[in-house]
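Comments concern the structure below.
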Amino acid sequence: MSKTGYFEMSRRNLLFGTATSAAFAAISRGATAELSAQTSVTVPLVSSDAPSIGRVSLQVNGVQQNLALDTRTTLLDALREHLHLTGTKKGCDHGQCGACTVIVGGRRINSCLTLAVMHEGDEVTTIEGLGTPEHMHPMQAAFVAHDGYQCGYCTPGQICSGVAVIGEIKAGIPSHVTADLNAEPQFTNTELRERMSGNICRCGAYSNIAEAITEVAGRPA
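In the numbering used here, the protein residues as written are 23 to 243.
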């Protein structure tokens, strides 16, 4: 056989081999896809839609409340949607605006960042539990007197936070601007503004809010 013939035969063999490999690869891919489809059909899927229900007992504004809730329910949604205490507002739902501030065990928290089932047996105070239009809490009255609000949406959280701030200072709990950690915190304007910095007022009534809290700090709540 001549060298030319040998070269032509080799080229034909190469082309044949390439075509055969491509065919086997296509068959393999098809078989894999079919197997995957069969597997996806036969393997049972676990549903994530079914809620896990938990029971929680709370003392809300002095009233015992027994709730059966989806364990993913935040304290904010439990108050608003289940107990219909809509004074506590939902703002950012990320703990950044303070509109949802309530008082739990004497300390203020962002109720959108905590689950209701985490507060079994806790005492929760919302804006409705501080006072009524006929018998306002001193902080509520001070907000009215000093015009510490405009739209009023964030005001419930501001008032709850203001009440808790006075309690924090009286308890000697320092803040980021407390000058002497060994001394009792003082009711200074800087101290109050720092402690209230987590409560955003989009209307910009900060000066009036500080005046209202300062007034209440000088008399018993």
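Beta carbons are placed, not taken as given, at the ideal position from N, Cα and C, and that holds for glycine.
Residue closest to residue i, alpha-carbon to alpha-carbon, out of the options
{"i": "I222", "options": "C176, I125, I188, E237", "result": "C176"}
{"i": "Q180", "options": "L91, P155, C225", "result": "C225"}
{"i": "P178", "options": "L107, L97, H198", "result": "L107"}
{"i": "R77", "options": "T93, V85, G84", "result": "T93"}
{"i": "S219", "options": "S197, I75, A167, D99", "result": "S197"}
{"i": "A239", "options": "R217, I188, L91, V199", "result": "I188"}
{"i": "V139", "options": "T95, V199, Q86, E206", "result": "T95"}
{"i": "L135", "options": "H141, A167, L98", "result": "L98"}
{"i": "G117", "options": "G127, L137, G128", "result": "L137"}
{"i": "R215", "options": "H141, T200, G84", "result": "T200"}
{"i": "H141", "options": "G127, Q172, G113", "result": "G127"}
{"i": "P73", "options": "L91, H168, V85", "result": "L91"}
{"i": "R217", "options": "R130, K112, A167", "result": "R130"}
{"i": "G84", "options": "D115, I125, V166, G113", "result": "I125"}
For residue j and residue i, believed in contact at Cβ under 8 Å, the rounded distance
{"i": "V185", "j": "V82", "result": "Wrong, their Cβ atoms sit about 16 Å apart, outside the cutoff."}
{"i": "E213", "j": "A164", "result": "The pair is not a contact, with the Cβ atoms about 17 Å apart (cut-off 8 Å)."}
{"i": "T110", "j": "S183", "result": "Contact flag wrong, Cβ pair sits at about 12 Å."}
{"i": "H104", "j": "L80", "result": "Contact doesn't hold; Cβ gap of about 10 Å is too wide."}
{"i": "F209", "j": "I195", "result": "No, F209 and I195 are not in contact; Cβ-Cβ is about 13 Å, not under 8 Å."}
Status (buried if at least 16 other CB within 10 Å, exposed otherwise) for residue i
{"i": "M161", "result": "buried"}
{"i": "G151", "result": "buried"}
{"i": "A227", "result": "buried"}
{"i": "G174", "result": "exposed"}
{"i": "A121", "result": "buried"}
{"i": "G143", "result": "exposed"}
{"i": "A193", "result": "exposed"}
{"i": "L203", "result": "exposed"}
{"i": "N230", "result": "buried"}
{"i": "T64", "result": "Confidence at T64 is low in this model, with a pLDDT of 49, below 50, so the placement of that residue should be treated as unreliable; the coordinate-derived value is given next. Exposed is the call here."}
{"i": "C119", "result": "buried"}
{"i": "A243", "result": "Residue placement at A243 is flagged as unreliable, the pLDDT there being 45, under the threshold of 50; a coordinate-derived value is accordingly withheld."}
{"i": "A100", "result": "buried"}
{"i": "H159", "result": "buried"}
{"i": "R102", "result": "buried"}
{"i": "T148", "result": "buried"}
{"i": "P155", "result": "exposed"}
Residue j beta carbon less than 7 Å from that of residue i
{"i": "A232", "j": "N211", "result": "yes"}
Proximity test, residue i beta-carbon vs the ligand GTP heavy atom, cut-off 6 Å
{"i": "D202", "result": "As far as ligands go, the structure on display features none, and thus does not contain the ligand GTP."}
| beta strand (DSSP E) runs contained entirely in the region 141-183, provided each spans 3 or more residues | 145-147
| task | Note down, one range per segment and in chain order, each alpha helix (DSSP H) of at least 4 residues found wholly within the region 65-106. | result | none
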